[in-house]
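**Q** Residue numbers (my numbering): 232 to 659. Sending over a structure as structure tokens; questions will come in a sec.
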């Protein structure tokens, strides 16, 4: 089966002949127009009436027409401007490693920091540029003074990079971890607030929860939980891996002490770039866990970003991609992605034999939709979808096994309809 302009055998032949360079050479003319850092090569993303031209937005990605990517919760495709910035600046760094150019590249952190600060509604001095959400979460768990008598409250639906880090450090330093169990289906925002209110006690120093889970796609009452923590004199860490680039993540309204995110998921940015917001009032309580050189120029970045040589082309590309999102408008991106998620939920729920893990209430979910494909193996269903040019994710194991769709703003409603029809066909 062909997927767009290139079938699998042709794809394999290209890589056998010369790897990624050969692939780029074989890409359609203008595939990476705007390389070097300009946003979408100057092409308009608006219709004549001023609305977002979603077909023009889709054209900023390299996915061929025959491929439907519904896996934003794991890995989003990057835009042409991201790829162009990464490729061009990496090539230049390797071909012209002059001191002046290296100084220019080292300075890219600061405009990227400014872009991330605007995205999150933070001050630039509160933004740290990390390598992903996992690292950001670990900087928090390693950077606080916790010991015997202290307690951290977590929730089972957190990503393992969050929960395992707290548990391992608790064993080493003697503090305790209280883990709230999963409640499925989504019990409602007030019930989640009650769960944390009951768990917080005089020993609690921090609560750590996920804004939007990658399991069933449950949306947590982030602002309410942060307010609860502040009322009790407790710090809050919000894992935003599934919300940065998808939802309104204004930290001044949400008011967490820490907020984390990745570039490679919903922002559609480069790989191995992430963000950590640290509220200015807790800077003196947050210690660097890695000590090296060449940190940033403002705020905690002076002491906490010292990781030696960084992938500076990726950092530059991250900042450019955040500006791409801002040009479309995060309110428009959220509205479209949530509408696509609702279309997926409603279509899947109508299929005989399908059972939904994700809440039917659109106020309790966003664009992550997980379902049980009858009595079929989720991994087998995902493999069958792949043969049809549809990218999804399988959840295996005992905890809510199923298939996960996570559409994003680059998808169309026709993409969702095609994926739903494919599931119905596979389940027969």
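Glycine residues also receive a C-beta, built at the ideal position from the N, C-alpha and C atoms. Note that the coordinates shown come from a computational prediction; the quantities given were computed from them, not determined experimentally.
What distance in whole Å lies between the Cβ atoms of residue 501 and residue 313, which are believed to be in contact at a cut-off of 8 Å?
**A** At roughly 5 Å, the Cβ-Cβ gap stays under 8 Å, so residue 313 and residue 501 are in contact.
**Q** Use the C-beta contact count for residue 303: other C-beta atoms within 10 angstroms, 16 or more gives buried, fewer gives exposed.
**A** The Cβ neighbour count for residue 303, taken over all protein chains shown within 10 Å, is at least 16; the residue is labelled buried.
**Q** Confirm, please, whether the CB-CB distance from residue 362 to residue 558 is below 8 Å.
**A** no
**Q** What residue range is occupied by the uninterrupted alpha helix (DSSP H) comprising residue 320?
**A** Residue 320 -> alpha helix (DSSP H) spans 311-326.
**Q** Quick check on residue 652: does DSSP put it in helix, strand or coil?
**A** Note: residue 652 maps to helix in three-state DSSP.
**Q** Alpha carbons only, please: which of 516, 561, 380 and 333 is nearest the one belonging to residue 476?
**A** 561
**Q** Give the DSSP-derived three-state secondary structure of residue 640 in the structure shown.
**A** For residue 640, the three-state secondary structure derived from DSSP is coil.
**Q** Taking just the CA atoms, how far does residue 333 sit from residue 547?
**A** 13 Å
**Q** In or out: residue 587 buried (at least 16 other Cβ within 10 Å) or exposed?
**A** buried
**Q** Measuring straight from C-alpha to C-alpha, what distance separates residue 618 and residue 642?
**A** 19 Å
**Q** Given residue 580, which residues of its chain have a CB within under 6 Å of its CB, disregarding the five upstream and five downstream residues?
**A** Contacts found: 587.
**Q** Ordered along the chain, which non-local residues of its own chain (more than five positions away) have a Cβ less than 8 Å from that of residue 390?
**A** 364, 365, 368, 441, 445, 470 and 472
**Q** Cβ of residue 732 within 8 Å of Cβ of residue 483?
**A** No answer is possible for residue 732: the residues shown for the chain start at 232 and end at 659.
**Q** Which stretch, first to last residue, makes up the alpha helix (DSSP H) that contains residue 365?
**A** 364-374
**Q** If we count the other Cβ atoms within 10 Å of its Cβ and call it buried at 16 or more, is residue 404 buried or exposed?
**A** exposed
**Q** So residue 604 is in the beta strand (DSSP E); what residue range does that whole segment cover?
**A** 600-604
**Q** So, are the CB atoms of residue 458 and residue 486 less than 8 Å apart?
**A** yes
**Q** Is residue 505 a contact residue of the ligand NAD, with contact defined as CB to any heavy atom under 7 Å?
**A** Ligands in the displayed structure: none, and consequently the ligand NAD is not present.
**Q** Compare the Cα-Cα distances from residue 315 to each of 344, 552 and 297 and report the closest residue.
**A** 552
**Q** Out of 535, 372, 282 and 612, state which residue places its alpha-carbon closest to the alpha-carbon of residue 395.
**A** Comparing alpha carbon positions, the residue from 535, 372, 282 and 612 closest to residue 395 is 372.
**Q** If you draw a straight line from the C-alpha of residue 633 to the C-alpha of residue 292, how long is it?
**A** 28 Å
**Q** How would you label residue 646, buried or exposed, when you count the other beta carbons within 10 angstroms and need 16 or more for buried?
**A** buried
**Q** With DSSP as the reference, please indicate the residues paired to residue 616 in a beta bridge.
**A** Paired residues: none, contrary to the question.
**Q** Between which two residues does the beta strand (DSSP E) carrying residue 357 extend?
**A** Where residue 357 is concerned, there is no enclosing beta strand (DSSP E), given that its DSSP letter is neither H nor E.
**Q** For residue 480, does the three-state DSSP call read helix, strand or coil?
**A** coil
**Q** Contact defined as beta carbons within less than 8 Å: I believe residue 465 pairs with residue 512. What is the distance between those atoms, to the nearest angstrom?
**A** At roughly 13 Å, the Cβ-Cβ gap does not stay under 8 Å, so residue 465 and residue 512 are not in contact.
**Q** By DSSP, does residue 302 sit in helix, in strand, or in coil?
**A** In this structure, residue 302 counts as strand in the three-state DSSP scheme.
**Q** For residue 622, which of helix, strand or coil comes out of DSSP?
**A** strand
**Q** Just to confirm the assignment, what range does the alpha helix (DSSP H) spanning residue 287 have?
**A** 285-289
**Q** Where does residue 565 sit, in a helix, a strand or coil, going by DSSP?
**A** Residue 565 falls in the helix class under three-state DSSP.
**Q** Please report the straight-line C-alpha distance between residue 346 and residue 278, rounded to a whole angstrom.
**A** 25 Å
**Q** If you follow the beta strand (DSSP E) that residue 492 is in, where does it begin and where does it stop?
**A** 489-493
**Q** For residue 275, report the span of its beta strand (DSSP E) as first-last.
**A** No beta strand (DSSP E) contains residue 275, which DSSP labels as neither H nor E.
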